[in-house]
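Read the structure below first, then the notes.
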Amino acid sequence: MKKVRPRSRPTGPGTGSGNRLAPFAARAESGRGRQHAEPSHAYRSEFQRDRDRVIHSGGFRRLVYKTQVFINHEGDLYRTRLTHSIEVAQIARTVARALHLNEELIEAIALAHDLGHPPFGHAGEDALDACMKPWGGFEHNLQSLRVVDELEDRYLAFPGLNLCFETREGILKHCSKRNARRLGVVGERFLLRQQPGLEAQVVNLADEIAYNNHDVDDGLRSGLLTEEALCAVPLFRRHHVPLLEANPRASRRALIHETIRGMINEVVSDLVETTGNNIAARGPESIDEVRALKHPLVALSPAVSKAHLGLKRFLHRQLYRHERVLAVTSRAQNMLKELFACYMNSPAAMPAEHATRAFQWEAERGEPGRALAIADYVAGMTDRYAYAEYRRLIDAKAKTQGL
Ligand code: MG
Numbered sequence: 186m187k188k189v190r191p192r193s194r195p196t197g198p199g200t201g202s203g204n205r206l207a208p209f210a211a212r213a214e215s216g217r218g219r220q221h222a223e224p225s226h227a228y229r230s231e232f233q234r235d236r237d238r239v240i241h242s243g244g245f246r247r248l249v250y251k252t253q254v255f256i257n258h259e260g261d262l263y264r265t266r267l268t269h270s271i272e273v274a275q276i277a278r279t280v281a282r283a284l285h286l287n288e289e290l291i292e293a294i295a296l297a298h299d300l301g302h303p304p305f306g307h308a309g310e311d312a313l314d315a316c317m318k319p320w321g322g323f324e325h326n327l328q329s330l331r332v333v334d335e336l337e338d339r340y341l342a343f344p345g346l347n348l349c350f351e352t353r354e355g356i357l358k359h360c361s362k363r364n365a366r367r368l369g370v371v372g373e374r375f376l377l378r379q380q381p382g383l384e385a386q387v388v389n390l391a392d393e394i395a396y397n398n399h400d401v402d403d404g405l406r407s408g409l410l411t412e413e414a415l416c417a418v419p420l421f422r423r424h425h426v427p428l429l430e431a432n433p434r435a436s437r438r439a440l441i442h443e444t445i446r447g448m449i450n451e452v453v454s455d456l457v458e459t460t461g462n463n464i465a466a467r468g469p470e471s472i473d474e475v476r477a478l479k480h481p482l483v484a485l486s487p488a489v490s491k492a493h494l495g496l497k498r499f500l501h502r503q504l505y506r507h508e509r510v511l512a513v514t515s516r517a518q519n520m521l522k523e524l525f526a527c528y529m530n531s532p533a534a535m536p537a538e539h540a541t542r543a544f545q546w547e548a549e550r551g552e553p554g555r556a557l558a559i560a561d562y563v564a565g566m567t568d569r570y571a572y573a574e575y576r577r578l579i580d581a582k583a584k585t586q587g588l
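Count along the sequence shown from 1, then add 185; that gives the number in my numbering.
This is how it looks when you write it as structure tokens:
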């Protein structure tokens, strides 16, 4: 098998980022275009415009007050959905440069990938999914696409942000067959068992690498994890122990950061190398040849994949299911469920724009229409806004009733 080593960065025209594009990279000029035709821009590429649209969206700004693992008010140093999205973009852009993929597209997908996340992280998603069960459930990934396709209200000529197909393809990471049928062209690959472009595949793995590593940092900062316990994870131990032995008097924080830096570097370097080898072995000549393959080309080697999975499993057991995290998240889940029920009983309790939409969609589609408008509203909330709404609608009512 011929090895493709990441080359030193060549210069030349192509992406606008100084990175020459490989033949299998996504190209703005020969992409599948936008749902609503628009004239091109004088000096920005289509994927650059997509990234800019995401950054200027209301959904993107709200990510700053949405939980990753720790509820936003627990401390200023924990990751939020916004800092997480930026870290995903950073890792994915590094890979894009090394493999000559489209860095602008990668950045657009990375910054948009969590736009549909409801407040309170995965706990919030589970709660909203339970509320929406009678009407098809709720899934944050699908909601991210819904935000950029329909919910952002910033253009006169079309709803949403009218992003390019390649960006939308990257945002939609997974999808049930039922939803895929409903989504048209962007859902087709889930029915045909095809792959998205390499840029989408890179963001998908960069997302996992980012959260596994930053959750180690946040977990240690919170005191819910310790270095001693983390040494049960081979990936952590092999970076941490030599550092600790060589620097017995170093500050704890610097040692933790050096360890995490080493882990990210190992996994990302392996991703670049393994993916480079996979590309060389299959030799795709275009993004469509990448899409037609049965398996993704972006991957970790079996050894590093196993080590990374070991870290992920540890975090599931020791952090995400820690009783202190669960206590906060189960309160948050109950809050979202009560809020949802309150709006279902009385859509007028929502701001006028959302209430009007709920009544209108209900008139058109019945109860599912009302539920969908409420799910959109609740999913758009930040953690602190959800708390404020809960106090306004439910705590205040309990008080007036003497409960
Ligand atoms: Mg993410």
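A virtual CB, placed ideally from N, CA and C, is assigned to each residue, including glycine. Computed from a predicted structure; not experimentally measured.
Point to revise | Span of the alpha helix (DSSP H) around Ser407 | key: According to the DSSP assignment, Ser407 belongs to the alpha helix (DSSP H) that extends over Leu383 to Ser407.
Check your understanding: Who are Pro247's beta bridge partners in DSSP?
Key -> Looking at the sequence itself, residue 247 is Arg, so the reference to Pro does not match. None, per the DSSP bridge assignment.
Exercise for review: Go ahead and pull the three-state DSSP assignment for Thr252.
Suggested key: Shown here, Thr252 sits in a strand according to DSSP, grouped into three states.
Practice item. Pick out whichever of Val280, Ala556, Val452 and Ile559 has its Cα sitting closest to the Cα of Ala210. Key: Its Cα nearest to that of Ala210, the residue Val280 stands out among Val280, Ala556, Val452 and Ile559.
Review point. Within the present structure, is the beta-carbon of His359 separated from the nearest heavy atom of ligand 1 by less than 7 Å?
Key: In this structure, His359 has its beta carbon at no less than 7 Å from each heavy atom of ligand 1.
Review point. Below 8 Å between beta carbons: does that hold for Gly330 and Asp400?
Key: Checking the sequence, you will find Leu at residue 330 rather than Gly. No, the pair does not count as a contact, with Cβ atoms beyond the cut-off.
Point to revise | Nearest-angstrom Cα separation, counted from Phe375 out to Lys479 | key: Using only the alpha carbons, I get a separation of about 11 Å.
Practice item. May I have a chain-ordered list of the beta strand (DSSP E) segments no shorter than 3 residues that lie completely inside the stretch 516-547? Key: Qualifying beta strand (DSSP E) stretches: none in this window.
Review point. Mind checking whether Cys349 and Gly244 have CB atoms under 8 Å apart?
Key: The beta carbons of Cys349 and Gly244 sit no closer together than 8 Å.
Practice item. Ignore the nearest five residues each way along the sequence and tell me which others in Ala571's own chain have a CB closer than 6 Å to its CB. Key: Closer than 6 Å at Cβ, skipping near neighbours: Pro304.
Exercise for review: Whole angstroms is fine: what's the gap from Ala492's alpha carbon to Ala466's?
Suggested key: One Cα belongs to Ala492, the other to Ala466, and the distance between them is close to 24 Å.
Point to revise | Same chain only: Cβ atoms within 6 Å of Pro469, ignoring 5 sequence neighbours per side | key: Here the set comprises Phe209 and Val475.
Review point. Quick one, are the C-beta atoms of Tyr250 and Thr268 less than 8 Å apart?
Key: Contact flag unset, no.
Check your understanding: Grouping DSSP H, G and I as helix and E and B as strand, with all else coil, what is Cys360?
Key -> If DSSP states are grouped into helix, strand and coil, Cys360 belongs with coil.
Review point. Contact check, Pro532 vs Arg555 under 8 Å by CB: the rounded distance?
Key: Taking a contact as a CB-CB distance under 8 Å, the pair Pro532 and Arg555 counts as one, their CB atoms being some 6 Å apart.
Check your understanding: Under a three-way DSSP split, which group does Thr265 fall into?
Key -> In the three-state scheme derived from DSSP, where H, G and I count as helix and E and B as strand, Thr265 is classed as strand.
Check your understanding: Around the Cβ of Leu296, are there at least 16 other Cβ atoms within 10 angstroms (buried) or fewer (exposed)?
Key -> Burial call: buried.
Exercise for review: Can you tell me which of Ala512, Pro344 and Asn364 puts its alpha carbon nearest to the alpha carbon of Arg238?
Suggested key: Nearest C-alpha to Arg238: Pro344.
Check your understanding: Closer than 5 Å from C-beta to any heavy atom of ligand 1: which residues, in chain order?
Key -> Proximity to ligand 1 was defined by a C-beta distance below 5 Å to any of its heavy atoms, and the residues meeting it, in sequence along the chain, are Asp299 and Asp392.
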